[in-house]
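**Student:** Let me begin by handing over the structure; questions about it come next.
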Amino acid sequence: MNVIFYIYLFSGILKVIMKFYGIHLPIDLTALTGAVLSIDVLYHLLKRAISGSPFHKSVLYPLIMLLVFTGWMVFTLAYTPSESYSKAKLFYFATNIVAFAYPLFHVKININKMLRYFVLGFAIITFWYVPILVHYINTPELHALQRYNSVFNLYLVIGLYSGFSVILLAIRPKLFKYALFRAFLLIFLLISLFLSGARASIIITLLLLLVILFERAFVFFINAGKMNQSKMVMNGFLTLFIITGILVVSVLFSGKINTLASRSVKRFDILVNSLNIATPENKRFEQLEFSLDKINESASSVVHGYGIGSYGVIESGKDARAYPHNFILEIYI
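Residue numbers for the sequence shown follow our numbering, beginning at 3 and rising by one.
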C-alpha cells in the first residue's frame, strides 16, 4: 500500500513521462491508485471504529478543516456561474483528501522512509528531465510536438518538488545515513531548482533556507561552547563540500547548464522589468486587479465570493480552466 501511495504522489509526473514514450494505460493512473488508497483509508477507519481505538486530536483537527473547506466548495456549486468546470475542479481538489488522509490513518507507514524515497525518486526523475529540457530549448522544431511540450510544462512541478526536497534535506539531516550523500543530493537539487526557472519555487526556497541558516547560526553561537568539536568540523566540511560541489558541477557542465541558467536569469529579469511591456507577468497583475475589483463589488461577494470555478466565466465568459494566479483570491473567484 505504501508503494501505491508513493506512485499516487508521483502519478501526475509519471503520466507525462509515459505519454512522452507513447505508453497509454487503459485507466488513469491517478484515479486507479487514488481509488485503491481510498478503500484502504475507509478500511482503517472502519477497523478503528470497531476496535474503539481513539484518534489523536493532532490527526483529526487538520483533516476536519480540510473536509470543511471541501464541504464549502461543494456548497458553492449552488451559486457558481460555472456549470461544468466547477465540478471537474472539485473532483481534482478532492484527490488532496486522499493524499492527506492516507498517512494519518495507515498505521504501517514510516514517514521518514517515505520522505527518503520521495527525495530519491524525485532526484531520479529530475536527472531524466534536465537533459530533455536542454534538448527542447536548443531545438525549436520540437516546440511543435505535444509530447515535448507536456514534458517542458513540468518545469513548475520540478521546481516545486526540488525546493521541497531541498528544505527536507536541510531540516532533516538524519533523513539519509551518510552525510556526504545528503550533501550530494543537496547540490544536485539546488542546481536543478535554479535551472528549472520556476521563479516562485526558487524565491520561496531561498527565503526558507535563509531562515533555517539564521536559526542554525543562532543555535551554533549559543551552544558553541557545548558542541562536540568533531561535529563542528564535520558541519564546516559539509558546508564547504556543498559550495565546492556546486561550483565544480557548474564548471564541468557549463555548456549544458548555460542554456538553462540563461533562461532562469532571463525569467527573473522579465519579472523585475515587466511593468512597461506586454508580458505574462503584466497579465497576472491585471488578473489580480480584476479579481480584487470583483470581490469588492458587493457585500455578498466579499462574504462568500462567486463560487468554485467561476473565474473563467466571469473574466472571459468561458466555462473552462482559468484562475487569477493567486490561491487566496481563487477561493473567492
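Ideal Cβ placement from N, Cα and C applies to all residues, glycine included.
(1) In whole angstroms, what is the alpha-carbon distance linking residue 52 and residue 45?
(2) Find the nearest neighbour of residue 98 within the set 113, 79, 35 and 119, judged by alpha-carbon distance.
(3) By alpha-carbon positions, which one of 108, 152 and 38 ends up nearest to residue 23?
(4) With residue 303 as the anchor, note down where its alpha helix (DSSP H) starts and where it stops.
(5) How long is the line joining the alpha carbons of residue 176 and residue 106, rounded to whole angstroms?
(6) If you draw a straight line from the alpha carbon of residue 83 to that of residue 320, how long is it in whole angstroms?
(7) Inspect the beta-carbon positions of residue 91 and residue 310 and report whether they are closer than 8 Å.
(8) If you draw a straight line from the C-alpha of residue 219 to the C-alpha of residue 187, how long is it?
(9) Could you name each continuous alpha helix (DSSP H) segment of 4 residues or more that falls completely within the stretch 96 to 183, going from the start of the chain to the end?
(10) Can you say whether residue 2 is buried or exposed, counting buried as having 16 or more other CB atoms within 10 angstroms of its CB?
(11) In chain order, what residues of the same chain lie with their CB nearer than 8 Å to the CB of residue 123, ignoring the 5 residues before and after it?
(12) List the whole-angstrom C-beta distance separating residue 149 from residue 21, where the pair is believed to meet the contact cut-off of C-beta under 8 Å.
(13) Residue range of the alpha helix (DSSP H) that residue 323 falls in?
(14) Assign residue 197 to one of two classes, buried (16 or more other C-beta atoms within 10 Å of its C-beta) or exposed (fewer than that).
(15) Taking residue 18 as the reference, which of 160, 75, 115 and 62 has the closest Cα?
(16) Does the pairing of the stretch 163 to 176 with the stretch 207 to 217 give three or more beta-carbon distances under 8 Å?
(17) Please report how far the alpha carbon of residue 181 lies from the alpha carbon of residue 172, in whole angstroms.
(18) Helix, strand or coil: how does DSSP classify residue 4 here?
**Tutor:** Quick look at the numbers:
(1) Their backbone Cα atoms lie some 11 Å apart in a straight line.
(2) It is 35 whose Cα lies nearest to the Cα of residue 98.
(3) Comparing Cα-Cα distances from residue 23 to each of 108, 152 and 38, the minimum goes to 152.
(4) Membership of residue 303 in the alpha helix (DSSP H) is indicated by the continuous run 301 to 306.
(5) If you take the alpha carbons of residue 176 and residue 106, they lie about 22 Å apart.
(6) In this structure, the alpha-carbon of residue 83 lies about 10 Å from that of residue 320.
(7) In contact: residue 91 and residue 310 (Cβ atoms closer than 8 Å).
(8) Answer to the nearest angstrom: the Cα atoms are 22 Å apart.
(9) Every alpha helix (DSSP H) stretch that sits fully inside the stretch 96 to 183 and reaches 4 residues is listed by chain position as 113 to 140, 148 to 154 and 157 to 173.
(10) Nothing can be reported for residue 2, as the shown portion of the chain is limited to 3 through 335.
(11) Closer than 8 Å at the Cβ level, and outside the excluded window around residue 123, lie 8 and 12.
(12) That belief holds up - the Cβ atoms of residue 149 and residue 21 are roughly 6 Å apart, short of 8 Å.
(13) Careful: residue 323 lies outside any alpha helix (DSSP H) and carries neither H nor E.
(14) Flag for residue 197 reads buried.
(15) The residue with the shortest Cα to Cα distance from residue 18 is 160.
(16) Yes, the stretch 163 to 176 is in contact with the stretch 207 to 217.
(17) Counting only the Cα atoms, residue 172 lies some 11 Å from residue 181.
(18) Note: residue 4 maps to helix in three-state DSSP.
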